[in-house]
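Using our numbering, read the sequence shown as starting at 2 and increasing by one per residue.
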Amino acid sequence: MNTFANPMGQESPGLARSYTRSSKHELLKQIRDAVNPNQRSHNIILITQTAMVTIAVVLLVIFALLAQVELTKLNEASKDEIIPNLDSIIDSLDSIEKGVDESYQMTQYMPLLYEMNTLSGYIEGNLTITVDAMTKSPLFLSGGFGR
């Protein structure tokens with residue numbers, strides 16, 4: 002027995018429409034709507050999601066290309082400017098390092114540095130008060146002093 006044969010043993014000539022005025026397309030549409038009534042909205046949602054993912058992928062590809070172009074420009078600029086000047090940059094860094102070392106050595110010999118800073122702040126405050134008092138004094142403002 003063939004697998005496509007009718008299991009009841011009767012040979013049918015195939016499916017045939019009877020007593021309907023609907024077209025084949027209309028019947029298939031009715032069957033689809035009966036089996037899955039929300040198929041059309043599901044299809045629209047899937048198409049929308051596919052379009053959004055496609056747009057996102059295109060944007061990511063554009064971003065990656067722009068990043069690649071910028072990295073290439075940066076790489077070329079570094080070869081043109083940094084590498085030829087590398088010796089002078091290293092010499093400058095060495096001189097800065099020597100200056101920092103010398104400054105650090107000088108500060109190690111001054112254990113009273115913080116106390117000196119505090120005292121110089123007090124002196125500065127006292128000098129400010131004295132200068133303000135002298136310059137705003139009526140004696141100095143009138144011009145009667147020193148003539």
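Don't be surprised by glycine CBs; every beta carbon is placed ideally from N, CA and C.
Keep in mind it's a predicted model, so treat the numbers as computed, not measured.
(message) Could you compute how far the alpha carbon of SER89 sits from the alpha carbon of LYS80?
(response) 15 Å
(message) Could you compute how far the alpha carbon of LEU47 sits from the alpha carbon of VAL54?
(response) When rounded, the distance between both Cα atoms is 10 Å.
(request) Rounded to whole angstroms, what's the CA-CA distance from SER23 to LEU29? Just pull it up for me. (result) 10 Å
(request) Measure the C-alpha to C-alpha separation of LEU75 and GLN69 and round it to an integer number of angstroms. (result) 10 Å
(request) Pick helix, strand or coil for SER89, following the three-state DSSP scheme. (result) helix
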